[in-house]
Ligand code: CA
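Numbering (my numbering), first residue to last: 1 to 232.
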């Protein structure tokens, strides 16, 4: 069971979502306007927000940014609901910090499955494993040590952080700008090429496991969801 906030002005969509999510046992909050949605989000601290892009008062993109920067709400997972033709592409959605997005008209069943997957992912992130085994890759977080198979790798502190950051967000695209700010801890003023250079070096050191870090053309990088299906 999760706490889910629906910010959506179309009454029929609001009702369908509300009904189906309650039926799954979730605690549901509903807002028809952006301002109201933000207020409820701060008050009720939902685990996940279903956010319509086109709202009567504030654009969904603005709400998403606010949710992801406000300390009270930044841990909420955000799923954007966009209409076809609104032409928000995936990249824009991810750059705003959205965790996923669904194009209307959507199948309720599919949306529910996506929500389950996101909630599962975020709860497993909370119980962070001390030792990670992913395919041939093994990471010991506490000791800052990494192995591929039996061989221990020599990673710099930065490479280690980059690897763990990508791993913790596996199967989610990380833009170069996001990696710069989260791994290097600065705003992306230097140059996003820095990220490419470090990812390249990290991949070389990872050898056979280098393919676990996938390139998402024009966007950034993504750690594979499954070692068997990693494509580099
Ligand atoms: Ca709308």
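For glycine and all other residues, C-beta sits at the position ideal for the given N, C-alpha and C.
Query                                                                                                                                                : Result
Can you give, in chain order, each stretch of the alpha helix (DSSP H) that sits fully within the region 101-156 and has at least 4 residues?        : 108-126
Please name the residue in 69, 2, 70 and 71 whose C-alpha comes closest to that of residue 50.                                                       : 2
Does the Cβ of residue 12 lie closer than 8 Å to at least one heavy atom of ligand 1?                                                                : no
Do residue 196 and residue 169 have their beta-carbon atoms positioned less than 9 Å apart in this structure?                                        : no
Taking 6 Å as the limit between beta carbons, can you name the residues of its chain near residue 155, skipping five residues before and five after? : 146
One question on the structure: do residue 199 and residue 148 come within less than 9 Å of each other, judged by their Cβ atoms?                     : no
What do you get for residue 99, buried or exposed, if any count of 16 or more other CB atoms within 10 angstroms of its CB means buried?             : buried
Please classify residue 31: does DSSP put it in a helix, a strand, or coil?                                                                          : strand
Can you tell me whether residue 222 is buried or exposed, with buried defined as 16 or more other CB within 10 angstroms of its CB?                  : buried
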